[in-house]
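Working notes, structure below.
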Amino acid sequence: MPQIGTIMKTRSLMALILASALATTAAAQNVEYSSVKTKKVAVATTAANGQKLAYLCTDHPEVTALVVEIPPGGETGWHLHEVPVYAYMLEGTITVELGEGRSHVFNKGDAIFEVRFTSHNGRNTGGKPAKMIVLYTGEEGKPNVTRTPVPENK
-4 MPQIGTIMKT RSLMALILAS ALATTAAAQN VEYSSVKTKK VAVATTAANG
46 QKLAYLCTDH PEVTALVVEI PPGGETGWHL HEVPVYAYML EGTITVELGE
96 GRSHVFNKGD AIFEVRFTSH NGRNTGGKPA KMIVLYTGEE GKPNVTRTPV
146 PENK
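Sequential numbering from -4 applies to the sequence shown in our numbering.
In structure tokens form, the structure reads like this:
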């Protein structure tokens, strides 16, 4: 069972990374940061499909930050995440199709709170590259992404 201190450190690190990536309004209200401009991008308790967000409990946390670029017409391929994943769209448009058939469109400036344990495929449906910052809040030695077969209904 994870120790409370490790869980708190993991949550604190996640909060710091998200605050830096998405710029919270709390920093702007602090007098020593009075010249910093912020814009709250999103606050969520669920992913786009309604799935409740949850933190990973582990004694071996690992955060991976990536800049991902998908060319027009390109796609991620079908996959799922067993770890919490968050993204911020820097440029372009991506449509995330879920295995059960629903899809969600994300554009420049949107925050993405990824689904867990749900097969999905991200496709650039725009005319220019889709670029995003992706934060995987995973565990040392374990994959952030697991490839899945194309669903039968696709």
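Using N, Cα and C, we set each Cβ at its ideal position, and we do this for glycine too.
Helix, strand or coil at residue i [DSSP, three-state]
| i | result |
| --- | --- |
| residue 131 | strand |
| residue 151 | Nothing can be reported for residue 151, as the shown portion of the chain is limited to -4 through 149. |
| residue 120 | coil |
| residue 23 | Legend: pLDDT at residue 23 = 46, less than 50; position of this residue unreliable, value from coordinates given subsequently. The answer is helix: DSSP assigns residue 23 an H, G or I state. |
Residue range of the beta strand (DSSP E) that includes residue i
| i | result |
| --- | --- |
| residue 57 | 56 to 65 |
| residue 92 | 88 to 93 |
| residue 148 | That residue, residue 148, is in no beta strand (DSSP E); it is neither H nor E in DSSP. |
| residue 101 | 98 to 102 |
| residue 106 | 106 to 108 |
Residue of the options minimising C-alpha distance to residue i
| i | options | result |
| --- | --- | --- |
| residue 86 | 109, 139, 120 and 41 | 120 |
| residue 34 | 64, 79, 105 and 61 | 105 |
| residue 61 | 137, 127 and 147 | 127 |
Test item: CB-CB of residue i and residue j under 9 Å
| i | j | result |
| --- | --- | --- |
| residue 129 | residue 73 | no |
| residue 107 | residue 83 | yes |
| residue 94 | residue 113 | yes |
| residue 88 | residue 103 | yes |
| residue 133 | residue 75 | no |
| residue 140 | residue 111 | no |
| residue 92 | residue 149 | yes |
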